[in-house]
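>
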Amino acid sequence: MNKPKRYTITTALPYTNGPIHIGHLAGVYVPADIYARYLRLTGNDVAFIGGSDEHGVPITIKAKNEGVSPQDIVDKYHANIKQSFEDFGITYDNYSRTTAPIHHETASEFFKTLNDKGEFIEETSEQLYDAEANQFLADRFVVGTCPKCGNEESYGDQCENCGTSHNATDLINPKSAITGNVPTLKQTKHWFLPLDKHEAFLKEWILEGHKKDWKPNVYGQCKSWIDDGLRPRAVTRDLDWGIPVPAKGGEGKVLYVWFDAPIGYISSTKEWAAREGKDWELYWKDKDTKLVHFIGKDNIVFHCIIFPAMLKAEGSYILPENVPANEFLNLEGNKLSTSKNWAVWLPEYLKDFPGQQDVLRYALNANAPETKDNDFTWKDFQARNNNELVAIFGNFINRVVVLTNKYYEGTVPAPNHLDKVDQETLAAIKAYPAVIASSIERYRFREAGQELMNLARLGNKYLADAEPWKTIKVDAARTESIMYVALQIASALATLCEPFLPFTSEKLKNILNLTSNESVADGNDDNRVAATSWNEVTENDTLLPAGHQIGTAELLFSKIEDETIQNQLDKLEASKKANEIANATVEPQKETITFEDFTKLDIRVGTILEAEKMPKTKKLLKLKVDTGIDTRTIVSGIAESFSAEEVVGKRVSVLVNLAPRALRGVESQGMILMTETPDGKLVFVNPDDAEVSNGLQVS
Ligand SMILES: [Zn+2]
67 MNKPKRYTIT
77 TALPYTNGPI
87 HIGHLAGVYV
97 PADIYARYLR
107 LTGNDVAFIG
117 GSDEHGVPIT
127 IKAKNEGVSP
137 QDIVDKYHAN
147 IKQSFEDFGI
157 TYDNYSRTTA
167 PIHHETASEF
177 FKTLNDKGEF
187 IEETSEQLYD
197 AEANQFLADR
207 FVVGTCPKCG
217 NEESYGDQCE
227 NCGTSHNATD
237 LINPKSAITG
247 NVPTLKQTKH
257 WFLPLDKHEA
267 FLKEWILEGH
277 KKDWKPNVYG
287 QCKSWIDDGL
297 RPRAVTRDLD
307 WGIPVPAKGG
317 EGKVLYVWFD
327 APIGYISSTK
337 EWAAREGKDW
347 ELYWKDKDTK
357 LVHFIGKDNI
367 VFHCIIFPAM
377 LKAEGSYILP
387 ENVPANEFLN
397 LEGNKLSTSK
407 NWAVWLPEYL
417 KDFPGQQDVL
427 RYALNANAPE
437 TKDNDFTWKD
447 FQARNNNELV
457 AIFGNFINRV
467 VVLTNKYYEG
477 TVPAPNHLDK
487 VDQETLAAIK
497 AYPAVIASSI
507 ERYRFREAGQ
517 ELMNLARLGN
527 KYLADAEPWK
537 TIKVDAARTE
547 SIMYVALQIA
557 SALATLCEPF
567 LPFTSEKLKN
577 ILNLTSNESV
587 ADGNDDNRVA
597 ATSWNEVTEN
607 DTLLPAGHQI
617 GTAELLFSKI
627 EDETIQNQLD
637 KLEASKKANE
647 IANATVEPQK
657 ETITFEDFTK
667 LDIRVGTILE
677 AEKMPKTKKL
687 LKLKVDTGID
697 TRTIVSGIAE
707 SFSAEEVVGK
717 RVSVLVNLAP
727 RALRGVESQG
737 MILMTETPDG
747 KLVFVNPDDA
757 EVSNGLQVS
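Positions in the sequence shown are counted from 1; adding 66 to them yields our numbering.
1. Quick one: residues in its chain with C-beta nearer than 7 angstroms to the C-beta of A102, no 5 flanking neighbours on either side, listed in chain order?
2. How close, in whole Å, do the beta carbons of T561 and A503 come, if the pair is a contact with beta carbons under 8 angstroms?
3. For a minimum of 4 consecutive residues, which ranges assigned as the alpha helix (DSSP H) are wholly contained in the stretch 324–375?
4. Quick check on DSSP: helix, strand or coil for A493?
5. Can you check which of these residues, A497, L621, T581, A542, is closest to E605 by C-alpha distance?
6. Please classify Q287: does DSSP put it in a helix, a strand, or coil?
7. Can you round the beta-carbon distance between L397 and A409 to whole angstroms, since I take them to be within the 8 angstroms contact cut?
8. How long is the line joining the alpha carbons of N388 and A166, rounded to whole angstroms?
9. Start and end of the beta strand (DSSP E) containing E189?
10. Would you kindly work out how many angstroms separate the C-alpha atoms of D364 and G229, rounded to a whole number?
11. How many whole angstroms separate the CB atoms of L578 and S557, which I take to be in contact at a CB cut-off of 8 angstroms?
12. Using 8 angstroms as the cut-off, can you tell me whether the stretch 398–417 makes contact with the stretch 78–87, which would need three or more C-beta pairs spanning the two stretches below that distance?
13. Could you tell me the boundaries of the alpha helix (DSSP H) in which V112 lies?
14. In chain order, what are the residue ranges of uninterrupted beta strand (DSSP E) at least 3 long that sit wholly in the stretch 217–256?
15. Using beta-carbon positions only, say whether I555 and I495 come within less than 7 angstroms of one another.
16. Starting from the C-beta of K252, find all residues in its chain whose C-beta is less than 6 angstroms away, skip the five residues before and the five after it, and write them out in chain order.
17. Can you list, in chain order, the residues of its chain whose CB lies under 6 angstroms from that of E218, leaving out five sequence neighbours each side?
18. Within the continuous beta strand (DSSP E) that includes R717, where are the two ends?
19. With distance defined between alpha-carbon atoms, name the residue in E706, D755, R163 nearest to D119.
20. Using only the heavy atoms of ligand 1, determine whether one of them is closer than 6 angstroms to the beta carbon of E230.
21. Using a 10 Å radius around the Cβ and a threshold of 16 neighbouring Cβ atoms, would you call G399 buried or exposed?
22. Bridge partners for A677 per DSSP, in chain order?
23. Please tell me whether, using a cut-off of 6 angstroms, the distance from the CB of K356 to the nearest non-hydrogen atom of ligand 1 is below it.
24. Measuring CB to CB, does K393 end up less than 7 angstroms from P328?
25. DSSP on P124, reduced to helix/strand/coil?
26. Since V764 contacts S707 with CB under 8 angstroms, what's their CB separation in whole angstroms?
27. Does the distance from the C-beta atom of A644 to that of V478 stay below 7 angstroms?
28. Check whether the stretch 537–552 and the stretch 471–488 are in contact - that is, three or more C-beta pairs closer than 8 angstroms.
29. Check whether the Cβ of K214 sits closer than 6 angstroms to any heavy atom of ligand 1, and report yes or no.
30. Quick one: does the C-beta of N227 sit closer than 6 angstroms to a heavy atom of ligand 1?
31. Skipping 5 residues on each side, what residues in its chain have a beta carbon closer than 7 angstroms to that of K353?
32. When the Cα atoms are used, what is the spatial distance from I659 to H144?
33. Specify whether the stretch 317–327 and the stretch 342–353 touch according to this definition: at least 3 beta carbon pairs, one from each stretch, less than 8 angstroms apart.
34. My guess is that A93 and F569 are in contact by the Cβ rule of under 8 angstroms, so how many angstroms apart are they, rounded?
35. Enumerate in chain order the residues of its own chain whose CB-to-CB distance from L529 is below 8 angstroms, with the five nearest sequence positions on each side excluded.
36. Give the DSSP bridge partners of H87, in chain order.
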């Protein structure tokens, strides 16, 4: 397309059944925010649109488990997620939710339009049904084997392993997620979107039209689906949580969550336009608008196949220009998982690293899973902070500001003769906006972030080579020129870092005494000059004029110590342990025995009277036990879990008629009953009641 008149940027609607973690931020929200901020800085008309996805089966399951209403669940997590986005500087123009009345209206209207145009197939068919739960099973209510990849835990609508989207009836060996029963088939009516009817259009639009500009991972997934052949997809469900189907025969049914969720982008835009006095239709229906969807790879089919088919069928909407989907971010080598608590949750990060949002934004962007799955490690996070943000960016700024205050009482000096290196450096600054922009416009945000850091590197190297702390003693004029050039770099960084490090940009503008969005809002802009715009970094010869007064130094970043990183690793280790315990397999039952077999065991309640470690063994304690019958010696393999002192006085259960046997030369006359937890901790099996006296039988 020609240069767009405006941009509509959307981000995947986070599902409101839990908080946001770093995987979400890295995959979708940080790149989208970099893009939106960059476009605004370069003077574009932008609608950056988000919202919470609040319908669908998992929310009803979670509500049932917690004994609350689905509305309670979505209210809680909508507030939590919205707060995280604000905290991390994600600059939405509007953040809405799919339970909002405007969304119900918009989605309902959209469905009616398609229905009136005859774009759906109405069909009564046999669907999976759980008779015990009295419920049809779709989406996450049913699990089974994926017909494509063989994953045995595929959901009814999508396999999380291979990303394939399918119908619940396609699953092999389906099982109800509610009762575990094998479902039966029952007749029910649904509305289907005949994707096969749109195949020719999708082929032309994606396979021909976007061969060059869509990311290979996105294009490849689309091609594979189209090549497999598209089939009608049900867009309604037998459920009571969602948007009621606005058609005859739709009673008791709602719109499929994946039908209504992308329409949420439109309703959120409407909400924003109404508030701002804008025309929402320009942002969705004008051909000079560039629509870009930021999503994770699990959403590609919905944004590249199903939603465009819906928009096309409706007829008055534009289609996305690009869908720069990212792959997945892993954490310390393992897949991020909400249920296993294998994640770094944003609210928790902020508690542990207050005020350090930019460090996470920077580290996540530097490692973003743009072309393949990538790994977040705390060591890398620490290295990005210490070796790049602190050692390069922060160090450069700090030196410039400290020296300017020391030599010139904070006033930008006028340059004298500019050496070749000065001229080259000033010319290099001017090239950066275009270099960074080119990466951003091709959705290469990692590369863009590294280019920004290269500008800081340039500054650092310039100062280290020019050594103003040496020239100040011998050549005042030369020093003025050096500091002038260094201050120009600092000023360029303040502008160009904003998309990546928005909080740092704000701080740096304050230090340099430049007006920024915040200081204008404060009315606190005496003596300030305006920060240069993105384009002015290239166009203007002077970014920070001689004679301008800057403020005093303030640290932009601080070193993260090994101990802090170890705490995070310990947290993850604790999650891992908890998971191992939760997932420990239970031994299968042994062969059945008769009652007579059981009565042969004589188990008594006893008390340990004395205990001592057996010499030259690791595991064995020699115990004196009062069994009520007698006091006897028992050798027990518990020394790795208990010291001799701590078991004295313990009430225990003793198998007293076990044939005596010699252990390391000591005859053991019985056995203490123990159990072992999955992480290897031994626990005494003992009757926990004061009235139980030694010698009583366990039966
Ligand atoms: Zn699969």
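Yeah, the Cβ is synthetic: ideal placement off N, Cα and C, and Gly gets one too.
The relevant details are as follows:
1. Position 36 of the sequence shown holds residue 102. A distance below 7 angstroms between beta-carbons, with the five flanking residues on each side excluded, links A102 to the following residues of its chain, in chain order: I75, V112, F114, T157.
2. The residue you call residue 561 lines up with position 495 of the sequence shown. The residue you call residue 503 lines up with position 437 of the sequence shown. No, T561 and A503 are not in contact; Cβ-Cβ is about 12 angstroms, not under 8 angstroms.
3. Secondary structure in the stretch 324–375: the alpha helix (DSSP H) runs of 4 residues or longer, each lying completely within the stretch, are 348–351 in chain order.
4. Your numbering for residue 493 matches position 427 in the sequence shown. In this structure, A493 counts as helix in the three-state DSSP scheme.
5. Position 539 of the sequence shown, counting from 1, holds the residue named residue 605. Of A497, L621, T581, A542, the residue nearest in Cα terms is A497.
6. By 1-based counting over the sequence shown, the position of residue 287 is 221. Q287 falls in the helix class under three-state DSSP.
7. Counting from 1 along the sequence shown, the entry for residue 397 is found at position 331. Counting from 1 along the sequence shown, the entry for residue 409 is found at position 343. Contact holds; Cβ gap of about 7 angstroms.
8. Translated into the one-based positions of the sequence shown, residue 388 becomes position 322. Translated into the one-based positions of the sequence shown, residue 166 becomes position 100. Approximately 27 angstroms, taken between the alpha carbons.
9. Within the sequence shown, residue 189 is the residue found at index 123, counting from 1. Unbroken beta strand (DSSP E) run through E189: 187–196.
10. The residue you call residue 364 lines up with position 298 of the sequence shown. The residue you call residue 229 lines up with position 163 of the sequence shown. When rounded, the distance between both Cα atoms is 6 angstroms.
11. If you number the sequence shown from 1, residue 578 lands on position 512. If you number the sequence shown from 1, residue 557 lands on position 491. Rounded, the Cβ-Cβ distance is 6 angstroms, consistent with contact.
12. Result yes; three or more Cβ-Cβ pairs closer than 8 angstroms.
13. On the sequence shown, residue 112 is found 46 positions in, with the first residue counted as 1. Secondary structure note for V112: it is in no alpha helix (DSSP H), and the uninterrupted beta strand (DSSP E) holding it is 112–118.
14. Here the runs fully enclosed are 238–242.
15. The residue labelled residue 555 in the question sits at position 489 within the sequence shown. The residue labelled residue 495 in the question sits at position 429 within the sequence shown. A contact, by the Cβ cut-off of 7 angstroms.
16. Within the sequence shown, residue 252 is the residue found at index 186, counting from 1. Hits under 6 angstroms: Y195.
17. Residue mapping note: residue 218 aligns to position 152 of the sequence shown, counting from 1. Within the same chain, E218 has close Cβ partners T211.
18. The residue labelled residue 717 in the question sits at position 651 within the sequence shown. From DSSP, the beta strand (DSSP E) with R717 extends over 717–721.
19. On the sequence shown, position 53 is the one that residue 119 refers to. Minimum Cα-Cα distance from D119 among the listed residues E706, D755, R163 corresponds to R163.
20. By 1-based counting over the sequence shown, the position of residue 230 is 164. According to the sequence provided, residue 230 is Thr. The question's Glu does not apply to it. Yes, ligand 1 has a heavy atom inside 6 angstroms of this Cβ.
21. Along the sequence shown, read from residue 1 onward, the residue named residue 399 stands at position 333. Exposed: under 16 other Cβ atoms inside 10 Å.
22. Numbered from 1 along the sequence shown, position 611 holds the residue referred to as residue 677. Residue pairing by DSSP puts A677 in a beta bridge opposite L689.
23. Mapped onto the sequence shown, residue 356 falls at position 290. K356 Cβ: outside cutoff for every heavy atom of ligand 1.
24. Indexing the sequence shown from 1 puts residue 393 at position 327. Indexing the sequence shown from 1 puts residue 328 at position 262. According to the sequence as given, residue 393 is Glu; it is not Lys. In this structure, P328 does not lie closer than 7 angstroms to E393 by Cβ.
25. On the sequence shown, residue 124 is found 58 positions in, with the first residue counted as 1. Three-state DSSP puts P124 in a helix.
26. Taking the sequence shown and counting its residues from 1, the one referred to as residue 764 is at position 698. Taking the sequence shown and counting its residues from 1, the one referred to as residue 707 is at position 641. Incorrect: roughly 22 angstroms between the Cβ atoms, too far for contact.
27. Within the sequence shown, numbered from 1, the residue matching residue 644 stands at position 578. Within the sequence shown, numbered from 1, the residue matching residue 478 stands at position 412. 7 angstroms or more divides the Cβ of A644 from the Cβ of V478.
28. Taking one beta carbon from each stretch, the stretch 537–552 and the stretch 471–488 have 3 or more pairs nearer than 8 angstroms; the two touch.
29. Working through the sequence shown from its first residue, we reach residue 214 at position 148. K214 Cβ: within cutoff of ligand 1.
30. To locate residue 227, count along the sequence shown from 1; it is residue 161. At a cut-off of 6 angstroms, the beta-carbon of N227 counts as near ligand 1: some heavy atom of the ligand is closer than that.
31. Translated into positions along the sequence shown, residue 353 becomes position 287. So the list reads I384, once near-sequence residues are dropped.
32. On the sequence shown, position 593 is the one that residue 659 refers to. On the sequence shown, position 78 is the one that residue 144 refers to. Near 55 angstroms, if we compare the C-alpha coordinates of H144 and I659.
33. No, they do not touch.
34. As a position in the sequence shown, residue 93 is number 27, starting the count at 1. As a position in the sequence shown, residue 569 is number 503, starting the count at 1. In the sequence as presented, Ala is not what sits at residue 93; that position holds Gly. Not a contact, Cβ separation roughly 21 angstroms.
35. Translated into the one-based positions of the sequence shown, residue 529 becomes position 463. Excluding sequence neighbours, L529 sits near F462, R465, V466, I548, A552.
36. For the purposes of this step, residue 87 is taken as residue 21 along the sequence shown, with counting starting at 1. Residue pairing by DSSP places H87 opposite W411 in a beta bridge.
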